[in-house]
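A.B. asks: For the sequence shown, the positions run 238 to 635 when my numbering is used.
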Amino acid sequence: MKAKGLAVMMHPFILMDIPPTNNLSAPDGAPSQPAFPWRGRITPVSDKSAAAAAEVAAFFGTAAPSHFTAANGAVGYHGPAEWSFRRMILHYAHLCALAGGVEAFLLGSELRGLLKTRDGAGNFVAVAAMRALAADVRAVLGPATKISYGADWSEWQGLTAADGKYFHLDPLWADDNIGFIGIDQYAPLSDWRDGFDHADLAAGWNSRHDRAYIAANIEGGENFDWFYASDADRAAQVRTPITDVHGEAFVWRAKDIRGFWENAHHDRPDWTRSPAPTPFVPRSKPIRFTEIGVPAIDKGANAPNVFFDAKSSESQLPPFSSGARDDLIQRRALEAVHAYWRDPAKNPLSSVYGGRMIDADRLYVYAFDARPFPFFPARGDIWGDAENWARGHWLNGR
């Protein structure tokens with residue numbers, strides 16, 4: 238890929254291969270764990286405790302750069318006998334170094350349940366562990382590689398907990414070893430319904446496939462201007478405006494990237510605004526969408542994050558979707574997102590690093606599959622997920 242002039246970003250990806258029939262204890266006390274779950278479900282049994290800190294430490298492990306050797310086309314390991322997160326990430330870092338380096342490297346992605354974990358003193362211990370890991374990856378890959386983490390679209394801008402609002406990832410985003418803010422951006426891009434009696438049609442939009450309609454929901458609509466307080470409100474389209482007593486509505490808007498990037502951040506412990514800001518410096522680092530994508534399914538833009546997979550506990554349809562295949566909504570949504578952030582009027586320039594807020598040259602679309610089309614998805618006898626291609630996020634063959 239480098240020989241072709243491509244800037245390669247390495248994205249170590251955790252897949253959860255927990256079978257439907259298992260006797261693994263679940264964090265919520267259930268007798269078994271969900272089948273093939275999302276990696277964002279990884280979480281300790283308890284939070285805000287010494288036990289939670291110990292579980293996080295066990296997950297990360299103690300593997301260090303000095304425990305690896307990279308020579309003769311292979312990476313060797315001679316550290317503690319652990320199958321830990323640090324061992325996984327550092328192994329991939331050494332592989333990248335062995336291959337001559339990469340332009341960017343992610344410390345995994347979408348570990349929402351893990352990174353919100355706090356110890357007994359309220360410290361976000363997994364975030365601290367990520368920062369330590371970033372320093373070790375930097376030691377392996379050198380100063381030129383840009384290092385970051387691919388945050389889930391629901392976690393990148395902070396944690397809303399029972400005891401307040403926290404910009405818990407800000408110490409990571411502000412860390413000198415982190416080159417950009419990474420977001421797996423799957424926020425809603427529409428709120429379309431069938432029929433002739435729904436809010437967006439009444440507002441003058443005529444089609445869910447209209448690029449202008451989708452673009453209006455990039456910095457607008459659900460999770461920006463308003464939210465649904467319940468499933469009943471969603472069904473009835475009762476929209477609650479997003480406001481803030483301190484004039485900082487971006488604190489609560491999951492899609493307000495501009496507000497997040499341009500402003501200082503103040504935690505709200507016990508729902509009280511802290512006088513001192515977090516370490517985050519406004520406009521200091523670019524943002525990359527380390528994943529963007531939309532499933533090729535009816536009303537896929539209503540919930541770009543969901544997917545249909547009968548084998549997975551995470552399987553679901555977008556709200557109000559018929560479940561029918563729709564390649565056009567996938568194409569129109571991706572076209573709208575690319576065109577929107579390539580517009581300089583919508584993508585401000587930083588006086589700190591001289592680049593745009595969103596790195597529009599690095600929007601990583603999920604997914605171009607390495608398996609060759611048309612053999613994938615035609616060879617369902619080889620690949621067990623082939624049946625999901627038709628209505629999934631894949632771009633191969635469309």
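Even for Gly, the Cβ is constructed at its ideal location relative to N, Cα and C.
I619 by DSSP, collapsed to three states: which one?
C.D. replies: coil
A.B. asks: Over the uninterrupted alpha helix (DSSP H) stretch that includes A322, give me the two end residues.
C.D. replies: First, the amino acid is wrong: residue 322 is Phe here, not Ala. Where F322 is concerned, the enclosing alpha helix (DSSP H) stretches over F322 to L335.
A.B. asks: With a 10 Å radius around its C-beta and 16 neighbouring C-beta atoms as the bar for buried, classify P425 as buried or exposed.
C.D. replies: Burial call: buried.
A.B. asks: Name the DSSP bridge partner or partners of D389?
C.D. replies: Residue pairing of D389 in beta bridges, as defined by DSSP: D421.
A.B. asks: Who are the Cβ neighbours of H225 in its own chain at under 7 angstroms, not counting the five residues just before and after it?
C.D. replies: Nothing about residue 225 can be read from this structure; the chain reaches only from 238 to 635.
A.B. asks: Can you list, in chain order, the stretches of the beta strand (DSSP E) that have 3 or more residues and sit fully within the segment 457 to 532?
C.D. replies: 524 to 529
A.B. asks: Please list the terminal residues of the continuous beta strand (DSSP E) segment that includes V312.
C.D. replies: A311 to Y314
A.B. asks: Quickly, what does DSSP pair T306 with across the bridge? List them, please.
C.D. replies: G313
A.B. asks: I need the DSSP call for R562, collapsed to helix, strand or coil.
C.D. replies: Correct three-state label for R562: strand.
A.B. asks: Less than 9 angstroms separating the beta-carbons of A300 and L327?
C.D. replies: When the beta-carbon positions are compared, A300 and L327 come within less than 9 angstroms of each other.
A.B. asks: DSSP three-state call for G345: helix, strand or coil?
C.D. replies: strand
A.B. asks: Name the DSSP beta bridge partners of F361, please?
C.D. replies: R355
A.B. asks: Could you tell me whether the segment 306 to 323 touches the segment 380 to 391, using the rule of 3 or more Cβ pairs below 8 angstroms?
C.D. replies: Too few Cβ pairs lie closer than 8 angstroms, so no.
A.B. asks: Could you spell out where the alpha helix (DSSP H) holding R448 opens and where it closes?
C.D. replies: R448 to A453
A.B. asks: Alpha carbon to alpha carbon, what distance is there between K402 and A486?
C.D. replies: 13 angstroms
A.B. asks: Could you tell me whether the Cβ atoms of D265 and A330 are closer together than 9 angstroms?
C.D. replies: no
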